[in-house]
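Number of protein chains: 2
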Amino acid sequence: MDRFLVISSDCHAGLPPERYRDYLDPKYRPVFDQALPIQLEATRAAGKLFLVHDVNEAWRKGREQALTGAWDGDERNRVLDADGIAGEVIFPDGITEMNMPPFGAGLSLPTENVVPELQWAGARAHNRWIAELCQMAPERRAGVAVVPALWDVDEAVRELRAARAAGLRGALIPCAWGKLAPYHHPKYDPLWAAAQDLGLVLHFHSGAAAPIEDYFGAFPPPEGSAPLPGAVGIYISEVAWYCARPLTFLIWGGVLERFPRLRLAVTEGTSIWVPEYLALLDFRYDENHFTAKLGDYRSHLTMRPSEYFRRQVFLGASCMPRREVEARHAIGLGNVMWGSDYPHPEGTWPETRAHMLEAFRGVPEDELAAILGGNAARVYGFDVEKLAPLAARIGPEKSLFRA
Amino acid sequence: MDRFLVISSDCHAGLPPERYRDYLDPKYRPVFDQALPIQLEATRAAGKLFLVHDVNEAWRKGREQALTGAWDGDERNRVLDADGIAGEVIFPDGITEMNMPPFGAGLSLPTENVVPELQWAGARAHNRWIAELCQMAPERRAGVAVVPALWDVDEAVRELRAARAAGLRGALIPCAWGKLAPYHHPKYDPLWAAAQDLGLVLHFHSGAAAPIEDYFGAFPPPEGSAPLPGAVGIYISEVAWYCARPLTFLIWGGVLERFPRLRLAVTEGTSIWVPEYLALLDFRYDENHFTAKLGDYRSHLTMRPSEYFRRQVFLGASCMPRREVEARHAIGLGNVMWGSDYPHPEGTWPETRAHMLEAFRGVPEDELAAILGGNAARVYGFDVEKLAPLAARIGPEKSLFRA
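Listed in order, the protein sequences are those of chains C and X. Using numbering that gives the first Met the number 0, you'd call the opening residue of the first sequence number 0 and step up by one each time. Using numbering that gives the first Met the number 0, you'd call the opening residue of the second sequence number 0 and step up by one each time.
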């Protein structure tokens with residue numbers, strides 16, 4: 000084959016907000032009708048604060064039809080074909096497209112200013128719809144269920160089973176637990192056990208970061224106030240750390256020791272931090288003198304932290320820039336999976352080929368094949384035989400990447 | 000000179016708790032008398048949870064006299080002489096020695112479960128005493144004032160002036176602001192201006208990390224409960240990030256732009272994170288496509304983040320392990336300052352020479368001279384001429400470090 004099989008480990012899909020109504024349990028539809036205008040207004044207000052409306056509208060111009068691929072399966076296939084992408088992992092949509100699941104069941108899965116029962120209802124609505132979307136093209140689409148797992152572990156386990164039964168391949172769980180129990184609490188063990196046994200990848204997806212007051216300078220932020228100068232720079236410098244933070248809790252908490260087949264992915268959280276992160280955890284695991292006063296904190300781990308990571312943690316490395324590609328061996332050739340972030344304006348679409356060439360030219364073919372699709376195929380169970388004819392038609396030509 | 004001038008950028012001193020009474024404003028002495036036993040019990044309880052009593056007692060054995068150097072100036076000189084250290088930067092003491100300033104005015108300067116007025120009173124008591132201790136040997140001792148700056152900026156400015164007048168060389172301010180205003184809030188500008196004009200180095204010292212509920216798994220932690228398994232590993236993996244976090248706010252917030260002579264130090268927060276941290280901030284500063292939707296977040300900065308860092312940020316790199324020494328060029332040869340952490344059990348004392356040899360053997364002499372003392376001399380204004388005779392007598396022999 001003279002083209003690469005490309006699987007994007009980070010794509011997004013969501014219905015226009017009003018259309019989630021049909022996927023909600025009927026008993027939540029009256030509250031949905033009341034909440035929808037409020038939610039739309041809040042999304043617009045957040046968009047005005049954190050995103051530059053003009054820049055985004057300019058970017059959208061002329062792409063209106065292609066952006067309906069955010070929910071329309073046929074359009075989505077056309078868009079991905081043109082972008083050279085054969086397979087994709089699909090997360091809910093984000094603030095930029097305004098098509099988040101209702102009741103706070105979107106990417107960041109907040110634990111404040113949400114009603115748990117409603118957040119669950121919104122998540123289930125999205126999961127029903129995304130399962131339908133994936134069933135239209137199951138060889139191309141690996142759907143990720145939304146699972147607000149912090150409220151109720153039994154409920155989360157039931158939702159994982161439902162997701163598996165509907166053909167979904169993974170679940171999104173919150174990156175931050177607020178005042179709820181963090182992930183090293185033993186109460187979550189049934190969740191890890193279920194994900195492991197069902198073969199579902201659990202995801203932490205970039206989005207949430209520090210508490211809102213860290214950006215606004217006051218808690219609660221004064222009505223109508225804007226973030227302090229510097230807030231955006233702070234956010235984009237910290238967001239990857241918050242996205243990866245649960246790993247620290249899961250590794251030291253012994254979760255990857257007790258559940259050796261559990262697989263985790265950190266998505267759109269960059270990958271450049273991995274080498275130093277693993278060196279730090281291993282250094283802390285190995286050292287004696289400087290931590291002696293803290294007693295035994297590691298005998299429950301039979302391996303070094305990096306060994307758990309290599310075995311069980313994968314990176315949805317959206318829009319990998321060249322500096323991450325250059326660090327690919329230290330990041331982990333078998334752990335890193337490229338992603339396009341379609342349909343978000345910060346993603347590589349519709350210039351994916353140009354971005355890829357800039358980032359990857361000169362990388363050996365076998366390494367590139369793993370990063371662009373092979374690793375994701377293995378992690379999410381894509382049938383590469385079935386995808387091969389499509390990839391042979393639409394994939395980026397291998398010859399372009401030779402140095 | 001055939002010996003190095005060594006200045007420890009991280010040492011600690013504190014009175015036995017009851018002796019802080021004499022340094023308190025008289026009006027706070029009655030509440031001090033009431034609070035002392037409660038504070039001692041709380042410190043003991045925290046010690047039992049987080050520190051291994053037996054390990055620490057074993058370490059202390061035979062060192063009881065030398066540990067009185069934590070408050071006794073003559074003993075302190077003998078101890079430092081024997082350890083090869085001519086000069087030192089002195090922070091308040093920590094939990095391991097039980098001799099913290101009263102009312103929560105210790106290293107971590109918490110913003111919860113403290114009374115602001117009392118924390119200020121405790122800080123002033125410590126500052127009066129540490130100034131006395133430093134005045135006994137001003138050529139050797141650079142004292143750091145405790146300044147709980149988050150409550151009241153005017154008060155903080157007054158305390159900086161008092162510290163300068165008493166001969167202190169810097170101030171410790173909190174690493175974490177809790178629900179108070181973070182450091183990119185313009186309200187702190189008078190604080191930065193005062194530190195800059197007075198030539199006082201502002202310090203973030205390792206200690207505080209995530210909120211307590213992250214370790215205990217519940218908020219508030221159940222009465223008498225212990226941290227969850229893995230909590231210690233999590234803490235030692237995250238604590239350096241929390242210690243350095245204010246830099247992100249100060250750099251993006253434009254504070255180092257507006258106050259170009261302000262100097263900051265991150266102490267006992269390791270230094271290994273610096274190269275990737277600076278690469279990340281510069282990458283975020285330089286990139287366009289991926290952050291375009293966020294608008295202009297950098298035009299208020301005339302330099303790249305790493306340039307502010309190189310000019311104004313210094314690292315109190317306590318007990319530098321070999322892996323940090325090997326990264327010294329990327330960390331910044333002019334920014335990194337070795338420290339011993341005397342009198343803490345995790346420090347290098349009383350085996351400083353052995354630790355130094357393990358970490359530094361083979362490093363070129365001029366680079367080693369900068370890391371072991373030259374940088375700290377410049378940053379804190381030590382008079383190297385005055386210290387030369389002492390260093391020539393007690394400093395580690397340069398010949399030992401040749402490869």
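We treat Cβ as the ideally placed atom computed from N, Cα and C, and that holds for glycine. Quantities reported herein were computed from a predicted structural model and do not represent experimental measurements.
*Can you say whether Phe-218 (chain X) is buried or exposed, counting buried as having 16 or more other CB atoms within 10 angstroms of its CB?*
Taking all protein chains in view, the Cβ of Phe-218 (chain X) is surrounded by fewer than 16 other Cβ atoms within 10 Å, so the residue is classified as exposed.
From the DSSP output, which residues share a beta bridge with Leu-263 (chain C)? Its beta-bridge partners are C:Leu-201 and C:Val-312.
I need the straight-line Cα distance from Thr-110 (chain C) to Arg-360 (chain C), nearest angstrom please.
Computed Cα separation, rounded: 42 Å.
Measure from the C-beta of Ser-236 (chain C) to each C-beta in chain X and report whether the shortest distance is under 7 Å.
Cβ-Cβ to chain X under 7 Å: yes for Ser-236 (chain C).
Taking 8 Å as the cut-off, does the segment 159 to 168 of chain C touch the segment 120 to 137 of chain C (at least 3 CB pairs, one atom from each stretch)? Contact annotation: the segment 120 to 137 of chain C touches the segment 159 to 168 of chain C, with at least three C-beta pairs closer than 8 Å.
Are the segment 96 to 106 of chain C and the segment 23 to 34 of chain C touching by the rule of at least three beta carbon pairs closer than 8 Å? These segments touch.
Given a limit of 9 Å on CB to CB distance, which residues of the segment 256 to 289 of chain X reach chain C? Taking 9 Å as the Cβ-Cβ cut-off against chain C, the residues of the segment 256 to 289 of chain X that qualify are Thr-269, Ile-271, Trp-272, Pro-274, Glu-275, Tyr-276, Ala-278, Leu-279, Leu-280, Phe-282, Arg-283, Tyr-284, Glu-286, His-288 and Phe-289.
Worksheet item: With DSSP run on the structure shown, which of helix, strand or coil describes Ser-339 (chain X)?
Response: If DSSP states are grouped into helix, strand and coil, Ser-339 (chain X) belongs with coil.
Does Asn-112 (chain C) have its Cβ less than 7 Å from a Cβ in chain X? Under the 7 Å criterion on CB atoms, Asn-112 (chain C) is classed as non-interfacial with respect to chain X.
**First through last residue of the alpha helix (DSSP H) which encompasses Phe-248 (chain X)** = Taken as a continuous stretch (DSSP letters only), the alpha helix (DSSP H) holding Phe-248 (chain X) covers 230 to 251.
For His-184 (chain X), does the count of other Cβ atoms within 10 angstroms reach 16, so buried, or fall short, so exposed?
It counts as buried.
Exercise for the section: Taking Gln-38 (chain X) as the reference, give the member of X:Tyr-341, X:Glu-17, X:Ala-85 and X:Arg-352 with the closest Cα. Expected result: Among X:Tyr-341, X:Glu-17, X:Ala-85 and X:Arg-352, the Cα nearest to that of Gln-38 (chain X) is on X:Glu-17.
| query | Span of the alpha helix (DSSP H) holding Val-254 (chain X)? | reply | Here the alpha helix (DSSP H) through Val-254 (chain X) covers 254 to 257.
Exercise. CB-CB under 7 Å to Arg-20 (chain C), same chain, minus the five flanking residues each way: which ones, in chain order?
Worked result: Apart from sequence neighbours up to five positions away, the residues of its chain that approach Arg-20 (chain C) with a beta-carbon distance below 7 Å are Arg-28 and Phe-31, ordered along the chain.
Cβ-based burial, Ser-205 (chain X) [other Cβ within 10 Å; buried from 16]: Using a 10 angstroms sphere on the CB of Ser-205 (chain X), the tally of other CB atoms reaches 16 or more, which defines it as buried.
Handout entry: Chain-ordered chain C contacts of Thr-351 (chain X) [CB-CB under 8 Å]
Key = Scanning chain C for C-beta atoms nearer than 8 Å to the C-beta of Thr-351 (chain X) yields nothing, as the closest lies near 12 Å away.
Short-range partners of chain X found in the segment 294 to 311 of chain C, where Cβ spacing is below 7 Å: Going along the segment 294 to 311 of chain C in chain order, one finds Gly-294, Tyr-296, Arg-297 and His-299 with a Cβ nearer than 7 Å to chain X.
* What three-state label does DSSP hand Ala-170 (chain C) in the structure shown? -> Correct three-state label for Ala-170 (chain C): strand.
Checklist entry - Shortest alpha-carbon distance to Arg-140 (chain X) belongs to which of X:Lys-47, X:Ser-398, X:Ala-375 and X:Lys-397? => result Of the candidates X:Lys-47, X:Ser-398, X:Ala-375 and X:Lys-397, the one whose C-alpha sits nearest the C-alpha of Arg-140 (chain X) is X:Ala-375.
query: In chain X, what lies closer than 8 Å to Ile-233 (chain C) by C-beta?
result: By Cβ distance, chain X contributes His-183, Thr-247, Phe-248, Trp-251 and Gly-252.
**Q.** Proximity test, Cβ basis, 7 Å: Asp-151 (chain X) and chain C
**A.** It does not; no Cβ of chain C falls within 7 Å.
Margin query: Can you tell me whether Asp-213 (chain C) is buried or exposed? The criterion is at least 16 other CB atoms within 10 Å of its CB, across all chains shown.
Written below: Buried, since its Cβ has 16 or more Cβ neighbours within 10 Å.
What residues from chain X crowd round Pro-15 (chain C), counting only those whose CB sits closer than 9 Å?
In chain order: nothing, as chain X lies at least about 20 Å away.
ask   = List, in order along the chain, the chain X residues whose C-beta lies closer than 7 Å to that of Phe-145 (chain C)?
value = The amino acid at residue 145 (chain C) is misidentified as Phe; the sequence shows Val. Chain-order list of chain X residues neighbouring Val-145 (chain C): empty, with the shortest C-beta distance near 23 Å, by a criterion of under 7 Å.
- Message: Less than 7 Å between CB atoms is the rule here; does Val-324 (chain C) satisfy it with respect to chain X?
- Response: Answer no: the Cβ-Cβ gap between Val-324 (chain C) and chain X never drops below 7 Å.
inquiry  = Please tell me whether Arg-293 (chain X) and Val-231 (chain C) are closer than 7 Å, where the distance is taken between their beta carbons.
reply    = The amino acid occupying residue 293 (chain X) in the given sequence is Leu; Arg does not appear at that position. Between Leu-293 (chain X) and Val-231 (chain C), the CB-CB gap stays under 7 Å.
Exercise. Kindly give me the distance between the Cβ atoms of Pro-147 (chain X) and Ala-120 (chain X), rounded to whole angstroms, as I take these residues to be in contact under 8 Å.
Key: Between Pro-147 (chain X) and Ala-120 (chain X) a beta carbon distance of about 10 Å is seen, past the 8 Å cut, so the two are scored as non-contacting.
### Query
Alpha carbon to alpha carbon, what distance is there between Leu-149 (chain X) and Lys-186 (chain X)?
Taking the straight line from one Cα to the other gives about 10 Å.
Would Leu-35 (chain C) pass as an interface residue toward chain X - the criterion being a Cβ-Cβ separation below 7 Å? No, Leu-35 (chain C) does not count as interfacial toward chain X.
(request) Using only alpha-carbon positions, find the residue among C:Pro-349, C:Ile-370 and C:Tyr-379 that is nearest to Gly-61 (chain C). (result) Each of C:Pro-349, C:Ile-370 and C:Tyr-379 was checked against the Cα of Gly-61 (chain C), and the nearest Cα belongs to C:Pro-349.
What distance in whole Å lies between the Cβ atoms of Pro-395 (chain X) and Gly-68 (chain X), which are believed to be in contact at a cut-off of 8 Å?
Not really, about 19 Å apart at Cβ, beyond 8 Å.
To which residues of the same chain is Arg-2 (chain X) closer than 7 Å at the C-beta, ignoring the five residues directly before and after it? Ala-390, Ala-391, Gly-394, Pro-395, Glu-396 and Lys-397.
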